[in-house]
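Q: Residue numbers (this note's numbering), protein chains in the order written: chain U, 227 to 431; chain D, 227 to 431. We put the CB at the ideal spot given by N, CA and C, even for glycine. Pasting a structure here, questions to come.
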């Protein structure tokens, strides 16, 4: 199986929030699809280790903020790169709330979908929840952020790894003669086989 | 509930095929997401009235061809706009086959995912199938076709409805005087209230 084939599935990017009693949390997910109409139902899949997953299991309600193409990496980082078990991600931010009292994003978001869980299925790593849609609202005219957009445009590119290993010598690839020293002179010629600098490779510390 | 909010969910476009005994069929769907890893599982939702849905229920196997951005409307039309109950969509075409012997598209397709059903759930209009991924292959370097691409670029635009109704007269919007005739002269003035051509509206046959 070539897992890269699975990367070709298309997804959106969402801030998925839930509350149970006083506990409120939100995380970033990329799985939601409408799976039925009359009544309108969506399916989401959530990592079992996510705190938001615990809250959905406890209360059976969730709100999905559909991030749009103005979404910044800071938003993804705030909700996606830290756990609600350690940090109150909602602290100090005033969120609009849906009909269940669950906070959603009133910015960088094109729509919000509010659900109650009608079925769930433990799939090992994840739990699949089927949500009946209680309310759905358009929030902006912006295009939804796709997961491909996130990967290609929003997510910072890793900086090129600098070559930090120290060169202590050079080896002739032809006859294995070793020159000791970090800098091989430009006009150096192998004293054994006569090949020049182009046929030497670095020896690292 | 504003259903337009649900249209902001992002999807791919797929040719979903199955076989049961001698019966083989494929249809066009837009719902598939990976819902778990180890083992790798995907969820698809299929209209209960689709013949392909019957075949998947009977055999418990399916293959999903992930259409790519070279996909033409003819392909969508062939698999999506006619029913396998009336037409043999596979007739006269040589398809590659997956490990279960199910045909997939070897063209206009960036990947194929082969599954066996491990769970299913009747959601009224649709059945949700959880498929364990048995095999997955990349077929091209082309970008996957998204459902938004399909709507905006691949699907033919409806031709502008021509105004074919015949004008038989003009009515003064001020005093309701009626001028009989298809062409109102440019310098016409209402003989009753004195308003000009701009205050007249057409009367259709």
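#1: What are the start and end residues of the alpha helix (DSSP H) that includes residue 231 of chain U?
#2: Please list the segments of the beta strand (DSSP E) lying wholly inside the region 286-328 of chain D, counting only runs of 3 or more residues, in order along the chain.
#3: Does DSSP put residue 284 of chain D in a helix, a strand or coil?
#4: Would you say the region 248-255 of chain D touches the region 238-258 of chain U, given that touching needs at least three Cβ pairs under 8 Å?
#5: What does residue 415 of chain D pair with, by DSSP beta-bridge criteria?
#6: For residue 359 of chain D, which residues in chain U fall below 8 Å Cβ to Cβ?
#7: 8 Å is my cut-off, CB to CB: does residue 372 of chain U come that close to chain D?
#8: Determine the burial state of residue 291 of chain U: buried for a count of at least 16 other Cβ atoms within 10 Å of its Cβ, exposed for fewer.
#9: How close, in whole Å, do the beta carbons of residue 236 of chain U and residue 337 of chain U come, if the pair is a contact with beta carbons under 8 Å?
#10: I believe residue 363 of chain U touches residue 231 of chain D by the beta-carbon criterion, under 8 Å. Please report the beta-carbon distance rounded to the nearest angstrom.
#11: Would you kindly work out how many angstroms separate the C-alpha atoms of residue 381 of chain D and residue 308 of chain D, rounded to a whole number?
#12: Please determine, among D/340, D/333, D/378, D/383, the residue with the shortest C-alpha to C-alpha distance to residue 367 of chain D.
#13: Would you list, in sequence order, the uninterrupted beta strand (DSSP E) runs of no fewer than 3 residues that lie entirely inside the region 324-358 of chain U?
#14: Name, please, each residue of chain U whose Cβ falls closer than 9 Å to the Cβ of residue 266 of chain D.
#15: Less than 7 Å between the CB of residue 363 of chain U and some heavy atom of the ligand SAH, yes or no?
#16: Check each residue of the region 235-251 of chain D: if its Cβ is closer than 7 Å to any Cβ of chain C, include it; give the result in chain order.
#17: Check the Cβ-Cβ distances between residue 350 of chain D and every residue of chain U, and say whether any is below 8 Å.
#18: Per DSSP, what kind of secondary structure is residue 248 of chain U in: helix, strand or coil?
#19: Give a yes or no on whether the minimum CB-CB distance between residue 380 of chain D and chain U is below 8 Å.
#20: Would residue 271 of chain D count as contacting chain U if we go by Cβ distances under 8 Å?
#21: Taking DSSP as the reference, what is the three-state secondary structure of residue 374 of chain U?
#22: Got a sec, what are the start and stop residues for the beta strand (DSSP E) residue 261 of chain U sits in?
#23: Note down, in chain order, each residue of its chain lying with its Cβ closer than 7 Å to the Cβ of residue 410 of chain D, except the 5 sequence neighbours on either side.
#24: For a contact defined as C-beta to C-beta under 7 Å, what are the partners of residue 363 of chain U on chain D?
#25: Can you name the residues of chain U whose CB is closer than 7 Å to the CB of residue 345 of chain D?
#26: Considering just the uninterrupted stretch of the beta strand (DSSP E) at residue 398 of chain D, what are its terminal residues?
#27: Hey, how far is the Cα of residue 420 of chain U from the Cα of residue 390 of chain U?
#28: So is residue 238 of chain D buried or exposed if we call it buried at 16+ other beta carbons inside 10 Å?
#29: Let me see if you follow: with CB-CB separation under 8 Å, is residue 292 of chain U close to chain D or not?
#30: Are the C-beta of residue 276 of chain D and some C-beta of chain U separated by less than 8 Å?
#31: I believe residue 271 of chain D touches residue 354 of chain D by the beta-carbon criterion, under 8 Å. Please report the beta-carbon distance rounded to the nearest angstrom.
#32: Give me the Cα-Cα distance between residue 340 of chain U and residue 288 of chain U, rounded to the nearest whole angstrom.
#33: So, is residue 404 of chain U buried or exposed, given that buried needs 16 or more other C-beta atoms within 10 angstroms?
#34: Excluding the 5 residues preceding and the 5 following residue 266 of chain U in the sequence, name in chain order all residues of the same chain whose CB lies nearer than 6 Å to its CB.
#35: Evaluate residue 234 of chain D with the Cβ neighbour count: other Cβ atoms within 10 Å of its Cβ, from every protein chain shown; 16 or more gives buried, anything less gives exposed.
A: Put simply:
#1: 229-232
#2: 287-293
#3: helix
#4: no
#5: D/422
#6: 227, 232
#7: yes
#8: buried
#9: Actually they are not in contact, since the Cβ atoms of residue 236 of chain U and residue 337 of chain U sit about 17 Å apart, beyond 8 Å.
#10: 6 Å
#11: 16 Å
#12: D/333
#13: 335-348
#14: 227, 229, 232
#15: By its list of ligands, the structure shown contains no ligand whatsoever, and the ligand SAH lies outside what it can speak to.
#16: Within the model displayed, chain C is absent; protein chains U and D are what it includes.
#17: yes
#18: coil
#19: no
#20: yes
#21: helix
#22: 258-262
#23: 396, 423, 426
#24: 228, 231
#25: 347
#26: 393-398
#27: 30 Å
#28: buried
#29: yes
#30: no
#31: 5 Å
#32: 6 Å
#33: exposed
#34: 359
#35: buried
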